[in-house]
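Those letters in the sequence shown? Residues 29 to 446, by our numbering.
By construction, the Cβ of each residue, glycine as well, lies at the ideal position given by its N, Cα and C atoms.
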Amino acid sequence: MRECLSVPTITILVNALDPNALFTSRRKIRNSVRVLSYMFLVILMLIIYNASSDRLSASSNTEFTESAATQSERIQTHSTSPFTKLVWHTFYQFVDPQTLDIHPNATWFALSLFATDHEAMDPSIRNEHLEDQLLEQLRRENITIDMGGYYNPDNVMDMKNCNQVNRTLTIVVPYRKRAQNLLSFLSYMHRFLPLKAVRYRLVVLEQTSLKAFNRAKLFNAGLRELGLLIDEGKRPFTEDVTTRLNCTNYCFVLHDVDKLPVSMQTPYECHWNPLQLVRIGVARNKSAVMLGNIQLEKGKSEHWFYENFFGGVTVVNKRVLQRVNGMSNVFFGWGGEDDDFRARMTRRHIPVDLAPWNFSRFYFLDHAGDSPFNRRARTLLGGNRVWIRMNRDGMRQTRYTVRQRIVRPLYTLYQISV
29 MRECLSVPTI TILVNALDPN ALFTSRRKIR NSVRVLSYMF LVILMLIIYN ASSDRLSASS
89 NTEFTESAAT QSERIQTHST SPFTKLVWHT FYQFVDPQTL DIHPNATWFA LSLFATDHEA
149 MDPSIRNEHL EDQLLEQLRR ENITIDMGGY YNPDNVMDMK NCNQVNRTLT IVVPYRKRAQ
209 NLLSFLSYMH RFLPLKAVRY RLVVLEQTSL KAFNRAKLFN AGLRELGLLI DEGKRPFTED
269 VTTRLNCTNY CFVLHDVDKL PVSMQTPYEC HWNPLQLVRI GVARNKSAVM LGNIQLEKGK
329 SEHWFYENFF GGVTVVNKRV LQRVNGMSNV FFGWGGEDDD FRARMTRRHI PVDLAPWNFS
389 RFYFLDHAGD SPFNRRARTL LGGNRVWIRM NRDGMRQTRY TVRQRIVRPL YTLYQISV
């Protein structure tokens with residue numbers, strides 16, 4: 029006897045034969061396949077990117093494996109005219125070769141002493157050789173810089189002593205493709221600060237990634253590597269700062285590499301409140317039309333910044349940086365991150381001190397404009413966006429990779445991919 033189909037079974041069969049239901053199921057399948065293909069492409073691109081970055085890192089690391097004896101054999105003495113222009117190939121693969129102008133009248137930053145021993149030298153060791161020459165010149169002037177860029181007028185530097193830590197300025201310098209500026213900065217500041225009997229150390233943060241330059245994110249990464257966050261797990265390059273955690277007035281100078289103080293009265297010192305040092309930019313050339321990325325007024329060689337300007341050279345202590353969560357990570361390119369930083373101070377009701385006008389003049393060194401203007405800056409600063417993202421976009425949320433930490437005679441170098 030033939031069994032009769034129940035009503036639910038008949039309903040299921042009818043729905044299965046319904047063309048609309050078939051079309052819906054096929055569309056779902058197509059969408060699923062499309063999503064899976066997109067995911068596969070993203071994973072493939074990430075694999076290719078990681079492989080290429082590893083090859084770059086490996087090729088750049090081979091330059092460091094060469095022994096000192098082999099390097100010294102390749103250095104040959106060669107005299108040349110002081111008017112010679114030399115191509116200073118920087119030590120790292122991702123930085124472009126740059127031209128260093130050697131001129132006897134340029135002694136205000138003592139570059140004239142680098143007019144020899146460069147043409148026959150291998151490009152991979154030229155960077156360190158010029159810095160070694162500068163170190164010898166400083167020693168002849170009785171300026172003793174300890175390994176890693178430390179200077180203490182009392183000849184005693186104990187970074188585990190909280191009293192000394194609170195009186196030590198850590199000068200943090202973001203850097204990329206500014207070889208001539210960096211050498212000028214080292215030569216100038218390692219003379220200027222000892223004359224003021226300032227206790228300091230110098231840290232250079234070099235961006236290795238090929239993205240647009242991100243000054244604020246470099247600062248955040250460098251400050252974290254210097255142990256600014258409490259209870260953060262120690263990474264391979266992080267300094268041992270267990271005794272610094274209670275030093276609330278531990279001060280940092282967030283310092284651009286192309287800005288040099290004019291007046292000996294410029295207050296390089298720790299403050300309870302943030303201190304803005306740059307207020308007037310000075311061009312070295314009287315006929316200059318540009319001051320960094322700023323166009324000068326006709327007939328003027330100075331630029332006076334607006335009252336709320338908060339960038340260039342800024343002194344900030346650890347307590348303030350923790351309260352405002354450092355700086356924003358979203359400002360790639362030139363402009364905007366300093367205004368965001370000032371808005372964070374306003375949000376936390378932290379007053380900003382200003383250096384006196386007479387003591388706030390800074391030379392702006394010439395350089396190529398390699399950082400494009402950040403066209404999103406106005407949008408990112410608009411409305412209450414700064415205040416809304418302050419707790420979720422800052423030092424605590426910075427994602428980065430430290431490629432190397434190198435302790436040099438004149439500074440400590442962090443190579444960071446952001």
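For lysine 56, does the three-state DSSP call read helix, strand or coil? helix
Under the three-state reduction of DSSP, which class applies to aspartate 368: helix, strand or coil? DSSP places aspartate 368 in helix when its eight states are reduced to three.
Please confirm if the region 214–227 is in contact with the region 327–347, defined as three or more CB-CB distances below 8 Å between the two stretches. no
Report yes or no: is there a C-beta of chain C within less than 8 Å of the C-beta of leucine 238? Annotation note: the requested chain C is absent from the structure, which comprises a single protein chain.
Across the region 359–370 and the region 172–183, are there enough close Cβ pairs to call them in contact, namely three or more that are closer than 8 Å? Between the region 359–370 and the region 172–183 there are fewer than three C-beta pairs closer than 8 Å, too few to call the two in contact.
Residues that aspartate 174 bridges to, as DSSP identifies them: Tyr178
Runs of beta strand (DSSP E) wholly within the region 212–251 (minimum 3 residues, chain order): 228–235
According to DSSP, simplified to helix, strand and coil, what is threonine 426? coil
I'd like the span of the alpha helix (DSSP H) that includes lysine 346, first residue to last. 346–351
Contact belief for leucine 197 with cysteine 298 at Cβ below 8 Å, rounded distance in angstroms: 7 Å
Could you tell me which residues DSSP pairs with histidine 283 in its beta bridges? Val341
Using only alpha-carbon positions, find the residue among Gln235, Val310, Met373 and Ser291 that is nearest to phenylalanine 338. Met373
Below 8 Å on the Cβ atoms is my guess for valine 343 versus leucine 305; work out the distance and round it to an integer in Å. 7 Å
With burial defined as no fewer than 16 other Cβ atoms inside 10 Å of the residue's Cβ, what is the status of valine 348: buried or exposed? buried
Whether phenylalanine 392 touches valine 310 by CB criterion (8 Å): Against a cut-off of 8 Å, the Cβ pair of valine 310 and phenylalanine 392 comes out as a contact.
When DSSP labels each residue in this structure, what does arginine 334 get in the three-state scheme? According to the sequence displayed, residue 334 carries tyrosine and not arginine. Tyrosine 334: coil per DSSP, three-state reduction.
Using 10 angstroms around the beta-carbon of leucine 256, count the other beta-carbons present and answer buried if the total reaches 16, otherwise exposed. buried
My assumption, with CB atoms under 8 Å, is that threonine 429 sits in contact with serine 445. Please give the rounded CB distance. 4 Å
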